[in-house]
Amino acid sequence: MTDRDPLLDRVIAELKRPIEVDPAARRRLLDAVAAGSRRRPAAALLRRAGLVGVAAAAGIVLAVLAWPGADNERDVGRATPVRFALAAPAARDVALVGDFNDWDRDATPLEPVGTGDEWATTVWLRPGRHAYAFVVDGMRWVPDPSAPLAPDDGFGMPTSVIVIPENM
Amino acid sequence: MRWVAAALCALLATATPLHGQDRRLDDRLDAETRRAVLALVDSARAAGLPTEPLIQKALEGESKGATGERIVAAVHALLGRLREARGALGPTAGDAELVAGAAAISVGVSADRLERLRRVGAGASLTLALVALADLVQRGVPPDTAATAIEALARVRSGEAEYRMLRQLVEQDIRTGAAPAAAALERARLITGGRSPVIPPDGPPGPEPPNVGGER
Amino acid sequence: MSVSVPDAELVRRSRDGAPAAFEALVDRHYPDCLRYAFRMLGDRAEAEEAVQDAFVRAHRSLWRYREREQFRAWLMRILVNRCRSRAAAARRRLRHLEAFAASVDRMVVDPQPGGGFGRAVRRALAALPPEQREAFLLKHVEELSYDEIARITGAGLSALRMRVKRARERLAALLEAYRDD
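Chains as they are written, first to last, in this note's numbering: chain P, 3 to 170; chain Z, 489 to 704; chain Y, 680 to 860.
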């Protein structure tokens with residue numbers, strides 16, 4: 003420990019280099035202090051992704067539920083109920099769009115759950131590959147960070163993929 | 489008479505989706521874009537390729553606010569890739585496999601690699617493997633290297649959990665500074681636990697040779 | 680906002696309900712906190728959130744702060760805990776992957792001469808076990824004393840010295856390729 007190692011001195015100097023402070027992060031911190039509450043962990047990720055002004059978090063939970071029975075008019079022939087959820091505490095509304103609802107932003111709104119931090123909905127998906135995304139406040143496309151990415155076909159907005167197996 | 493009614497019903501039932509597709513496009517695309525998309529849909533049908541993915545691609549573009557020109561280009565490109573995927577994956581490939589194969593092709597995976605993956609992973613979910621493959625490439629893993637990693641998993645009949653594991657670990661490694669190619673190969677080795685060889689691509693070298701970790 | 684106002688005085692004013700005083704504390708300590716959290720967690724967004732959490736908790740707990748302790752060390756204790764929680768949460772998210780965690784070490788040891796020294800340092804740091812990384816950063820980067828680090832981390836002095844020693848040895852070994860640059 004007493005030996006000075008020039009290599010380690012360089013390492014320490016490198017690690018001591020200050021990290022540039024993002025004024026927006028400082029502002030959020032002061033706001034959170036003032037509010038006496040803390041923000042959701044992934045909120046900053048979304049903000050960094052260019053979703054300025056959205057305090058929505060993208061901790062997405064996607065769980066295949068137990069079959070709840072055919073309680074609606076959906077085609078349940080070979081479909082499986084899949085729960086999509088998005089942590090988006092500051093969102094006004096959240097919609098699920100995908101190839102299972104013709105990418106219609108009005109077709110599958112998510113509902114706030116509990117305290118309203120989380121939004122969720124359950125849709126019935128047939129076996130196969132499905133592309134989907136969340137649309138926050140009608141304009142911001144949010145992929146599922148826990149899911150595989152679909153290639154961008156030049157539309158410039160992120161899309162995720164879920165595969166429903168045949169024998170589910 | 490009952491048979492006639494039944495036949496008529498069956499005909500209507502099969503015709504409905506097509507009619508529905510037309511209406512969906514009517515509502516959301518301008519006339520010129522719609523005509524171009526429908527021509528591509530007709531080509532797909534004539535070639536025995538699935539048409540719904542093309543309709544969905546057009547609707548996705550419309551929902552994302554793309555121009556008509558961009559939508560037609562995307563649908564056209566998808567049709568080409570579906571053809572290529574069918575060539576690589578064979579006539580028995582299902583719609584989901586073809587769409588997943590087309591996605592893999594769109595990020596630079598060669599038809600040869602798709603065909604090889606189909607042979608290697610026979611019996612397992614090819615769709616899962618193809619989706620994972622396209623995802624890895626988008627995270628920066630060179631296509632041939634990604635295909636090698638995915639083949640290793642497919643060879644041992646991996647399921648959703650294994651592919652998810654690979655994706656998460658590679659993502660984590662890349663975040664902490666690892667080279668994507670090295671991360672993919674190393675993680676594939678770990679996940680398969682040596683049950684499946686992770687052989688870097690043979691034949692002509694790919695655009696970027698895999699950078700395997702120094703321990704081997 | 681004057682730098683000459685001691686931390687303890689700013690804490691007193693914050694307790695008395697002066698938001699500007701706490702803002703001054705934030706501005707004074709944010710950069711070091713961000714640096715520690717970023718080096719520890721390896722992700723800027725996570726680091727910013729950890730620092731924000733730490734300041735919010737510190738603000739809520741100001742009444743517990745005792746002036747005989749350095750405010751910076753007190754704050755750092757909260758931050759270290761926030762970073763640990765975040766790292767643990769990340770591990771829980773990947774709990775089914777824990778069997779593979781040991782391999783991270785192997786992945787990151789391979790230095791990439793083309794990747795630049797800073798990148799190599801980040802990779803090497805990420806390859807350290809968290810408790811070694813934590814002790815090394817607090818000792819050599821944040822320049823806290825072993826006594827302070829012991830209070831912050833709850834570890835004994837000899838264990839801490841051993842962690843720092845091992846971290847130094849490991850970093851030197853991982854970065855040997857850069858010795859003659």
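Cβ atoms here follow ideal geometry from the backbone N, Cα and C, with glycine treated the same way.
Counting only runs of 4 or more residues that sit fully inside the region 556-635 of chain Z, the alpha helix (DSSP H) segments are 556-577, 583-594, 599-608 and 614-626, in chain order. TYR134(P) carries a strand assignment under DSSP once its states are collapsed to helix, strand and coil.
DSSP, reduced to helix, strand and coil, places TRP742(Y) within a helical segment of the structure shown. Its Cα nearest to that of GLU659(Z), the residue ALA671(Z) stands out among ALA671(Z), ILE679(Z) and LEU547(Z).
The contact set of HIS738(Y) on chain P, defined by CB atoms closer than 7 Å, consists of VAL35 in chain order. GLN660(Z) has a beta carbon lying at 8 Å or more from every beta carbon in chain P. Of all residues in the region 573-588 of chain Z, only GLY582, ASP583, ALA584, GLU585, VAL587 and ALA588 come within less than 9 Å of chain P when Cβ atoms are compared, listed by chain position. Under the Cβ criterion of 8 Å, LEU654(Z) is not counted among the residues facing chain P. Taking a contact to require three or more Cβ pairs closer than 8 Å, the region 82-101 of chain P and the region 129-142 of chain P qualify as touching. Where ALA667(Z) is concerned, there is no enclosing alpha helix (DSSP H), because DSSP gives it neither an H nor an E.
Per DSSP, the continuous alpha helix (DSSP H) segment holding ALA37(P) begins and ends at 25-37. A check of alpha carbon separations from ASP155(P) across ALA524(Z), ARG511(Z) and GLU557(Z) identifies GLU557(Z) as the nearest.
For GLY721(Y), a Cβ of chain Z is located within less than 8 Å of the residue's own Cβ. In this structure, the alpha-carbon of THR555(Z) lies about 8 Å from that of GLY549(Z). At the C-beta level, ARG30(P) and GLN811(Y) stay beyond 8 Å of one another. Think of a sphere of 9 Å around the beta carbon of ALA851(Y): the chain P residues whose beta carbon falls inside it are ASP7, LEU9, LEU10 and VAL13, in chain order. PHE750(Y) sits close to ALA687(Y), with the two beta carbons spaced by under 8 Å. With respect to THR110(P), LEU98(P) sits close: the two C-beta atoms are nearer than 8 Å. Going by DSSP, ILE21(P) is part of no alpha helix (DSSP H) at all; its letter is neither H nor E. Closest by C-alpha distance to ALA524(Z), out of GLY536(Z), ALA534(Z), LEU542(Z) and ALA535(Z), is LEU542(Z). Straight-line measurement puts the Cα of ALA666(Z) at about 24 Å from the Cα of GLU648(Z). Sequence-distant Cβ neighbours of PRO145(P) in its own chain, meaning closer than 7 Å and more than five residues away, are ALA135, LEU151, PRO160, THR161 and SER162.
Residues of the region 682-700 of chain Y with a C-beta less than 9 Å from any C-beta of chain P: PRO698, listed in chain order. Straight-line measurement puts the Cα of GLY609(Z) at about 12 Å from the Cα of ARG601(Z). Here PHE157(P) carries a coil assignment [DSSP, helix/strand/coil]. Chain Z has a Cβ within less than 8 Å of the Cβ of VAL165(P). Nearest C-alpha to ALA814(Y) among ILE831(Y), SER740(Y) and ARG739(Y): ILE831(Y). Within the same chain, and ignoring the five residues on either side of ALA726(Y) in sequence, the residues whose Cβ sits closer than 7 Å to its Cβ are LEU713, ALA716, PHE717 and LEU720.
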